[in-house]
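J.:
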Amino acid sequence: AKDSGKNNYQFYTNQLHGLSSRKMELENGLRKALEQNQLALHYQPQIHLETGEIIGVEALVRWIHPEKGIISPAEFISLAEETGLIVPLGKWVLENAAFQNKAWQEKGYSPIPMSVNISVRQLQEDRFIDSVKQVLSDTQLSPKFLDFEITESVMQNSEKTALILGQLKELGITLAIDDFGTGYSSLSLLKHFPIDKIKIDKSFVDDIIHHSNQGAMVKTIIDMGHNLQFDVIAEGVEEQEQVSFLLKNGCKVGQGYHFSRPLPVKEMEELLHKNMRH
Ligand code: C2E
Ligand code: CA
Ligand code: CA
Ligand code: CA
Numbered sequence: 464a465k466d467s468g469k470n471n472y473q474f475y476t477n478q479l480h481g482l483s484s485r486k487m488e489l490e491n492g493l494r495k496a497l498e499q500n501q502l503a504l505h506y507q508p509q510i511h512l513e514t515g516e517i518i519g520v521e522a523l524v525r526w527i528h529p530e531k532g533i534i535s536p537a538e539f540i541s542l543a544e545e546t547g548l549i550v551p552l553g554k555w556v557l558e559n560a561a562f563q564n565k566a567w568q569e570k571g572y573s574p575i576p577m578s579v580n581i582s583v584r585q586l587q588e589d590r591f592i593d594s595v596k597q598v599l600s601d602t603q604l605s606p607k608f609l610d611f612e613i614t615e616s617v618m619q620n621s622e623k624t625a626l627i628l629g630q631l632k633e634l635g636i637t638l639a640i641d642d643f644g645t646g647y648s649s650l651s652l653l654k655h656f657p658i659d660k661i662k663i664d665k666s667f668v669d670d671i672i673h674h675s676n677q678g679a680m681v682k683t684i685i686d687m688g689h690n691l692q693f694d695v696i697a698e699g700v701e702e703q704e705q706v707s708f709l710l711k712n713g714c715k716v717g718q719g720y721h722f723s724r725p726l727p728v729k730e731m732e733e734l735l736h737k738n739m740r741h
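Right, dumping it as structure tokens:
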């Protein structure tokens with residue numbers, strides 16, 4: 464028993480060590496990526512389920528690694544949050560998303576809001592509001608074409624958050640709760656924040672097809688969201704069956720592979736071009 468205890472301990476420390484050096488490598492790499500412009504945005508359309516029209520676009524960051532190719536944000540966002548790199552990274556994303564949206568408007572595509580993911584740590588950073596104002600003035604993008612997606616976890620530091628969200632709202636930016644239903648918040652708490660929209664998490668949208676309760680949870684979220692005057696959008700829509708269910712239950716906007724994967728800018732522009740003829 465003693466021996467196996469020792470082995471476990473060694474296994475554990477080795478694992479810890481392996482993890483931390485891998486992390487350090489990733490952290491250094493990410494720093495370099497920021498300096499050397501190895502980041503890119505991909506864009507995923509948000510679709511009006513009745514008309515098929517593109518009514519919004521979400522910007523999703525990618526790391527274009529010189530050797531490893533495209534690295535998903537799932538692999539580096541949480542590390543960026545831990546190390547604070549999310550602040551410059553998030554700023555890069557916001558600037559580029561806003562510039563791109565303005566450029567699309569100048570090309571004559573129908574103006575639509577761009578959704579940008581904002582981490583809690585980024586939101587609560589002292590200069591956040593100033594940097595948002597700076598981006599708006601640099602790009603000359605109207606704030607109504609910016610939508611910030613934040614997760615329920617921001618509700619935890621509620622006083623400070625409410626203040627910041629209020630300032631964003633005042634600027635004219637819309638606010639969405641991302642991954643709704645997965646975090647620790649009640650709808651009654653949400654009422655105290657100036658939220659415009661909730662985004663039903665993919666895990667619930669999955670349930671529409673895969674579970675026997677046939678999306679009871681999704682229906683409940685849609686109804687509660689609407690009762691509180693929020694817009695409701697479903698993420699991770701992969702099947703026509705989900706579209707039908709969502710429409711039947713009053714959710715009119717969806718995003719997911721059923722419509723399009725996140726696309727590089729050129730391919731997104733082709734979709735926006737078709738969208739003009741609606
Ligand atoms: P998210 O905000 O929930 O974004 C949705 C994720 O689901 C995206 O993954 C998207 O590609 C994927 N997705 C969309 N539709 C479908 C579908 O129908 N099926 C499946 N299986 N997946 C779908 P992605 O791009 O890998 O991003 C992962 C997460 O990384 C995002 O989740 C978001 O939390 C974070 N993230 C991405 N870009 C940024 C950013 O610029 N800033 C911050 N703070 N976080 C970001
Ligand atoms: Ca999101
Ligand atoms: Ca989401
Ligand atoms: Ca999600």
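Positions 464 to 741 (the UniProt record's numbering) are the ones given, in order, by the sequence shown. Every residue, glycine too, gets a C-beta built ideally from N, C-alpha and C. Quantities reported herein were computed from a predicted structural model and do not represent experimental measurements.
How is the beta strand (DSSP E) around threonine 637 delimited, first residue to last?
T.: Note, threonine 637: beta strand (DSSP E), 637–643.
J.: Give the secondary structure of threonine 514 by DSSP, where H, G and I count as helix, E and B as strand, and everything else as coil.
T.: Of the three classes helix, strand and coil, the one that applies to threonine 514 here is coil, per DSSP.
J.: Is glutamine 718 near isoleucine 510, with beta carbons less than 8 angstroms apart?
T.: Cβ distance < 8 angstroms, so glutamine 718 and isoleucine 510 count as in contact.
J.: Which residues in the same chain have their Cβ closer than 7 angstroms to the Cβ of asparagine 477, if we skip the five residues on either side of it in sequence?
T.: Caution applies to asparagine 477, whose pLDDT of 49 falls short of 50 and renders its modelled position unreliable; the value that the coordinates give is listed next. Counting only Cβ-Cβ distances below 7 angstroms, and skipping sequence neighbours, we find nothing.
J.: Can you tell me whether DSSP reads alanine 464 as helix, strand or coil?
T.: Residue placement at alanine 464 is poorly supported in this model, since its pLDDT is 44, which falls under 50; the coordinates are not used for a value here.
J.: Excluding five sequence neighbours on each side, which residues of the same chain lie with their C-beta closer than 8 angstroms to the C-beta of leucine 523?
T.: Excluding positions up to five away in sequence, the list reads Leu504, His505, Tyr506, Gln507, Pro536, Asn580 and Pro725.
J.: Looking only at C-alpha atoms, which of Leu586, Asp669, Gly699 and Lys654 sits nearest to methionine 687?
T.: Comparing Cα-Cα distances from methionine 687 to each of Leu586, Asp669, Gly699 and Lys654, the minimum goes to Lys654.
J.: Taking the beta strand (DSSP E) that lysine 570 falls in, what are its first and last residues?
T.: No beta strand (DSSP E) holds lysine 570; DSSP gives it neither H nor E.
J.: Could you check if asparagine 580 belongs to the surroundings of ligand 2, using beta carbon to heavy atom distance under 7 angstroms?
T.: Flag set: Cβ of asparagine 580 near ligand 2.
J.: Among the candidates Pro657, Gly646, Lys607 and Lys596, whose CA atom is the shortest distance from the CA of leucine 626?
T.: The candidate whose alpha carbon is nearest that of leucine 626 is Pro657.
J.: DSSP beta-bridge partners for valine 524?
T.: Answer is Leu504.
J.: Buried or exposed: glycine 644, going by 16 or more other Cβ atoms within 10 Å of its Cβ?
T.: The residue in question, glycine 644, is buried, as its Cβ has 16 or more Cβ neighbours within 10 Å.
J.: For threonine 550, collect the residues of the same chain with a Cβ closer than 8 angstroms to its Cβ; drop the 5 residues on either side in sequence, then sort them by chain order.
T.: Note that residue 550 is valine in the sequence shown here, rather than threonine. Excluding residues within five positions, the ones whose Cβ falls inside 8 angstroms are Arg584, Gln585 and Glu588.
J.: Helix, strand or coil: how does DSSP classify alanine 679 here?
T.: Correct three-state label for alanine 679: helix.
J.: Using only the alpha-carbon positions, how far apart do lysine 495 and glutamate 513 sit?
T.: Those two C-alpha atoms are separated by around 44 angstroms.
J.: Does the segment 559–573 come into contact with the segment 599–614, if we say contact requires no fewer than three beta-carbon pairs (one atom in each stretch) closer than 8 angstroms?
T.: With a cut-off of 8 angstroms, the segment 599–614 and the segment 559–573 count as touching, because enough Cβ pairs lie within range.
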